[in-house]
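Per the working numbering, residue 35 is the first one in the sequence shown, and the count goes up by one each step. Note that CB positions come from ideal geometry on N, CA and C, so glycine has one too. First the structure, in the form of structure tokens, and then the observations on it.
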Amino acid sequence: MNTGCEGDRDKLEQFVKMLEGRKGERHAVVMQDFPDPDALSCAWAYRQIVAGMGIEADMIYGGRISHQENLALINLLKMEVIAITSDQSLDKDRYQGSVFVDNQGTTSNLVDRLEKNGVPVLAIIDHHAHQDRLQALFTDIRSVGACASILTDYISLGAMSLVASNLQHKYLATALMHGIISETSSMIKAQPIDFLAAARLQPFYDNDLLVEILHQQRSHRGMEIIRMALENREIREGFCLSGVGYLRASDRDSIPQAADFLLTEETVHTAIVFGIVTHSNGEEVISGSLRTTKSALSPDTFIKEGLGRTTTGAFYGGGKASAGGFEIPLGFLSGSEDEDLAKIKWETYNAKIRKKFFSSIGIEGH
Numbered sequence: 035m036n037t038g039c040e041g042d043r044d045k046l047e048q049f050v051k052m053l054e055g056r057k058g059e060r061h062a063v064v065m066q067d068f069p070d071p072d073a074l075s076c077a078w079a080y081r082q083i084v085a086g087m088g089i090e091a092d093m094i095y096g097g098r099i100s101h102q103e104n105l106a107l108i109n110l111l112k113m114e115v116i117a118i119t120s121d122q123s124l125d126k127d128r129y130q131g132s133v134f135v136d137n138q139g140t141t142s143n144l145v146d147r148l149e150k151n152g153v154p155v156l157a158i159i160d161h162h163a164h165q166d167r168l169q170a171l172f173t174d175i176r177s178v179g180a181c182a183s184i185l186t187d188y189i190s191l192g193a194m195s196l197v198a199s200n201l202q203h204k205y206l207a208t209a210l211m212h213g214i215i216s217e218t219s220s221m222i223k224a225q226p227i228d229f230l231a232a233a234r235l236q237p238f239y240d241n242d243l244l245v246e247i248l249h250q251q252r253s254h255r256g257m258e259i260i261r262m263a264l265e266n267r268e269i270r271e272g273f274c275l276s277g278v279g280y281l282r283a284s285d286r287d288s289i290p291q292a293a294d295f296l297l298t299e300e301t302v303h304t305a306i307v308f309g310i311v312t313h314s315n316g317e318e319v320i321s322g323s324l325r326t327t328k329s330a331l332s333p334d335t336f337i338k339e340g341l342g343r344t345t346t347g348a349f350y351g352g353g354k355a356s357a358g359g360f361e362i363p364l365g366f367l368s369g370s371e372d373e374d375l376a377k378i379k380w381e382t383y384n385a386k387i388r389k390k391f392f393s394s395i396g397i398e399g400h
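As structure tokens, this is what we get:
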């Protein structure tokens, strides 16, 4: 019986073949604009795997990292990550290839700039529903709990050898374990491959470091945003929607935290929290997160059908088994020095987003 635990050796062989002849190259390992532990650990794993093949790699993202756990992960494990702002150009000759981990380009604002520079897409390694934004030489998209489990599968099949006495390997195993635990809600939503990956990492990770990373306190501002989400929530037929107004980019990670919190309320099976995130350059986007415990609901389909596509054909968001997210750029409507206009703008978008999602479940009049 195939339990889904068997390693995918064919995929590893394709992965290694794709990397043949690339010694001396530098790759851009692209994470979503607001990287989570799963993305960070996968990018780091790719970097360490290809280092053994003479390939350099930069872990890059186009947004911010503000969640306390993610900052602790980076600082305690000494990860090197590079933030590239929207007004920052990319060196045309720096990268000979791009690799997308825990995303397929739909949640990164770096895609257009990499394409403009002619950087080929070498690989997509992900566990979200299939998107059609990019075409890669190598693709490994699996319906598993955590993308970190896929990279752990590569390692266990021989992509690199972990040594318990090697501090860098210990840090990597700790990061991958954290990615799996956080992405599967402490293994509650884990698939067989996730359990096997965790077991394979067990001899190598640092338990004390993992505990320290997992037990970071929420910021005062994060608690305030959760309070606003509670005050502004509207519940209909098990769906809970809440808008939290304007947020700085540094507070964006509080949106999924608020969605997680609202999901704990009795009678609620799906929570959606959204707000207008203002970046340092004045650009604004409506950013939202969805969390659900309803097995019959596909976050990916629900968000895509509810919000549709951009003028270029790309979806505004997507998801996986129990979570999803969306980003809607406001373009020239960004920014307002007039407090009254800013209030009207928020009220308009707040009402529109609620109407979109409530209409998707057959509730009109919102």
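- DSSP, read as helix, strand or coil, puts residue 278 in strand.
- Sorting 301, 326, 300 by C-alpha distance to the C-alpha of residue 307 places 326 at the top.
- An exposed status is given to residue 51, since fewer than 16 other beta-carbon atoms sit within 10 Å of its beta-carbon.
- The C-alpha of residue 94 is placed about 6 Å away from the C-alpha of residue 117.
- Counting C-beta pairs with one atom in each stretch, the region 152-172 and the region 92-112 have fewer than three that are closer than 8 Å, which means they do not touch.
- DSSP places residue 175 within a strand segment (E or B) once states are collapsed to three.
- Between residue 235 and the set 247, 315, 211, the nearest pair of CA atoms involves 211.
- By the Cβ rule, the region 49-67 counts as touching the region 122-131, because three or more pairs are nearer than 8 Å.
- Per DSSP, the continuous alpha helix (DSSP H) segment holding residue 205 begins and ends at 201-217.
- Looking at the DSSP output, residue 273 sits in a beta bridge with 270, 304.
- Within the DSSP secondary-structure output, residue 131 pairs in a beta bridge with 61.
- DSSP links residue 360 through a beta bridge to 322, 351.
- When the five nearest sequence neighbours on each side are left out, the beta carbons in the same chain lying within less than 7 Å of the beta carbon of residue 352 are those of 140, 162, 163, 165, 334, 337, 338, 358, in order along the chain.
- Each of 64, 397, 105, 198 was checked against the Cα of residue 71, and the nearest Cα belongs to 105.
- The DSSP-derived three-state label of residue 86 is coil.
- Looking from the CA of residue 230, the closest CA among 386, 189, 82, 283 belongs to 189.
- Residue 46 and residue 78 have their alpha carbons spaced roughly 17 Å apart.
- Assignment of residue 343 by DSSP, reduced to helix, strand and coil, places it in the strand class.
- In this structure the region 177-186 lies against the region 231-250, because at least three pairs of beta carbons, one per stretch, are closer than 8 Å.
- In the DSSP assignment, residue 160 falls within the beta strand (DSSP E) that extends over 155-160.
- As DSSP reads the structure, residue 94 sits in a beta bridge with 64, 116.
- For residue 264, the closest of 279, 209, 206 by C-alpha to C-alpha distance is 279.
- The straight-line gap separating the alpha-carbon atoms of residue 185 and residue 203 is approximately 14 Å.
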